[in-house]
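Structure first, then comments.
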Amino acid sequence: MLISISTESACAYSHAYFQDGEVEQSGQLVAMERTQSSEQMKAEMVKKQAISLAEEGDAGEAVAKIKDYLYLTADLSVINDHLFQNISDTPAYIDLKEEFLFENNTIAWLYVYAGLIGLFVSFFLLFRKHRDRTSMILIGLFVLFNSFFLLHLSLYKLHAEYHIPHMLYFSTTFSFLYGPLLYLYFRRITERYTFRWIDLLHLLPSLILLIYIAPFYMMSGIEKFGLMMGRDSRLLPGGHTIVLIKTVSLVIYGLLIVQLYRRHTLNSSKKPDRQQLLWQRNIMGMFIAYTISYMIYGSILTGVMPVRELFEAQTLVMTAMVFYIAYLSYAQPEIFSGSLQIISPVDLFKYRKSRLTPSFSYELRDELLRLLDREKIFKQNDLSLDMLAERLGTNRHNASQVINEHFDMNFFELINSYRIKEAIEIFRNDRKKNLSIIEVAYEVGFNNKVTFNKSFKKHLSQTPSQFITSLEG
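Just so you know, full-length UniProt numbering puts 59 at position 59 of the sequence shown, and the rest follows in order with no gaps.
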């Protein structure tokens with residue numbers, strides 16, 4: 001009986017508790033509805049005042065009330081010539097429309113076009129199957145964030161930002177990523193660098209910036225609309241500081257990229273490919289141009305350099321960079337991994353009638369690399385172009401085209417380059433001189449000492465004997 005009474009009492013208490021909770025929750029909802037209703041009434045009253053002032057011909061006050069209404073509701077439909085017919089031709093009302101309504105702009109559409117192409121190219125690079133996924137992801141993200149910026153900027157150029165208030169600060173989060181991504185990409189393709197956990201420190205400034213901006217992303221559309229109108233003190237503080245930090249970041253990473261490029265070009269153990277260096281030099285040059293133009297942009301923004309004509313320079317450089325990468329992603333997608341050369345116009349004319357498709361060309365290239373790197377087919381002293389073509393499962397013409405396009409060499413130059421590299425490794429490991437020069441020549445695939453010496457000197461500018469002597473020193 002006691003248990004029964006206790007249970008009934010508990011149930012009654014629980015029911016009363018939840019009833020109280022429901023009442024409290026209901027009260028909160030009622031309060032919210034009243035607040036919303038009050039705000040709506042206030043907004044409607046402001047709208048009526050704007051219309052009334054317009055009918056009286058007071059354009060200045062009417063426009064001020066329209067802005068008050070926009071701040072309360074973010075309802076752009078209020079800017080309607082039918083409602084404000086009496087002031088539709090006044091400068092104040094025309095300025096209002098230019099500020100808040102869509103405006104056609106040729107430069108803005110160029111940015112939209114470049115941004116959309118950049119998105120397509122970035123997805124192609126990010127999701128394309130490739131043996132070096134790391135380099136493709138890095139350059140893909142670099143293009144992606146540049147494209148986001150161009151699309152975001154185009155909204156402001158088209159006066160469309162008020163129509164999509166949630167895009168506020170959308171691309172700001174990526175401000176400190178341009179330099180690190182391109183630097184890590186260069187390090188990957190020039191040094192075949194394997195990344196470590198400590199490399200995540202490059203992302204630390206961007207993470208801090210994201211945490212700093214995150215509260216703004218959580219705001220409602222109306223709140224963000226108010227921020228864009230400049231009526232809210234919560235507008236992102238430290239904007240000039242962010243510009244300064246980004247400038248410093250671009251300069252530092254730009255110098256690091258130049259250092260990587262110079263070290264790569266001066267590498268004496270392996271002469272970098274001329275066409276590959278062309279790609280690296282061009283993208284490095286564009287990044288440096290972007291850095292300089294961004295410094296000018298920052299100077300104009302902070303009032304240090306009042307030359308408004310150069311304000312668009314950094315965006316135009318970024319647009320050119322996106323178009324350049326887009327072109328290469330179509331013409332030579334493998335160039336981004338540092339393993340393929342740009343086809344010269346001469347070779348393009350030479351192979352204009354070839355039926356070798358780009359995809360099949362890449363497959364043959366990969367199979368050729370496997371034969372050279374793993375099977376070391378170059379050690380066969382009777383190896384010919386016909387034999388190589390047979391191993392590749394294609395004809396002589398296709399094999400020759402693949403070698404010319406992907407390695408910028410002919411058949412004999414390619415095979416001899418691998419033979420010389422193999423000979424160098426043997427000499428370096430043969431400290432006790434167990435093998436003679438002619439034995440090494442035969443081992444790597446040469447038929448005689450004369451040809452071996454000639455090829456060795458062509459690649460290293462010294463004879464095998466001189467190279468061995470340099471190792472002893």
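From the three backbone atoms N, C-alpha and C, an ideal C-beta is built for every residue, glycine too.
Remember, it's a predicted structure, so these values are computed and weren't measured experimentally.
**Asked** Is it true that the CB of Y93 sits closer than 8 Å to the CB of K157?
**Response** no
**Asked** In three-state DSSP terms, what is G221?
**Response** helix
**Request:** Quick one: using the 10 Å Cβ neighbour count with 16 as the cut-off for buried, is L141 buried or exposed?
**Result:** buried
**Message:** So for A31, helix, strand or coil by DSSP?
**Reply:** Low confidence applies here, because A31 scores a pLDDT of 48, under 50, leaving its location unreliable; read the following figure in that light. Helix.
**Prompt:** With distances taken between CB atoms, is the gap from Y253 to Y183 smaller than 8 Å?
**Reply:** yes
**Prompt:** Can you find a heavy atom of the ligand NAD that lies under 7 Å from the Cβ of V317?
**Reply:** As far as ligands go, the structure on display features none, and thus does not contain the ligand NAD.
**Prompt:** Going along the chain, which residues of its own chain have a beta-carbon closer than 6 Å to the beta-carbon of L388, five neighbours each way excluded?
**Reply:** A399
**Asked** So is K65 buried or exposed if we call it buried at 16+ other beta carbons inside 10 Å?
**Response** buried
**Message:** Tell me which residue opens and which closes the alpha helix (DSSP H) that K454 is part of.
**Reply:** 449-460
**Message:** Between which two residues does the alpha helix (DSSP H) holding L126 run?
**Reply:** 106-127
**Item:** Residue range of the alpha helix (DSSP H) that includes D373
**Value:** 358-373
**Asked** With contact counted as at least three CB pairs below 8 Å, one residue from each stretch, are the region 365-382 and the region 407-421 in contact?
**Response** yes
**Request:** Under 7 Å Cβ to Cβ from L29, same chain only, skipping five residues before and after it: list those, please.
**Result:** At L29 the pLDDT is 47, less than 50, meaning the model places this residue with poor confidence; the figure from the coordinates comes in the next sentence. Closer than 7 Å at Cβ, skipping near neighbours: no residue.
**Request:** Following the continuous alpha helix (DSSP H) through M318, name the residue where it begins and the one where it ends.
**Result:** 313-331
**Asked** With 16 other CB atoms within 10 Å as the buried threshold, where does L117 fall?
**Response** It should be pointed out that residue 117 corresponds to Ile in this sequence rather than to Leu. Buried.
**Request:** Determine, using beta carbons only, whether I426 comes closer than 8 Å to chain C.
**Result:** As a matter of chain content, chain C is missing from the structure shown, which is built from one protein chain.
**Environment of E39 [buried if 16+ CB atoms lie within 10 Å]** = exposed
**Message:** Quick check on the DSSP output: what are the complete alpha helix (DSSP H) runs of length 4 or more inside the region 58-82, in order along the chain?
**Reply:** 59-73
**Message:** Quick check: the Cα distance between L368 and T394, rounded to an integer number of angstroms?
**Reply:** 11 Å
**Item:** Other residues of its chain near R365: CB distance less than 7 Å, five sequence neighbours each side excluded
**Value:** V402, H406
**Message:** For L471, which residues in the same chain have their Cβ closer than 7 Å to its Cβ, ignoring the five residues on either side in sequence?
**Reply:** F427, R428
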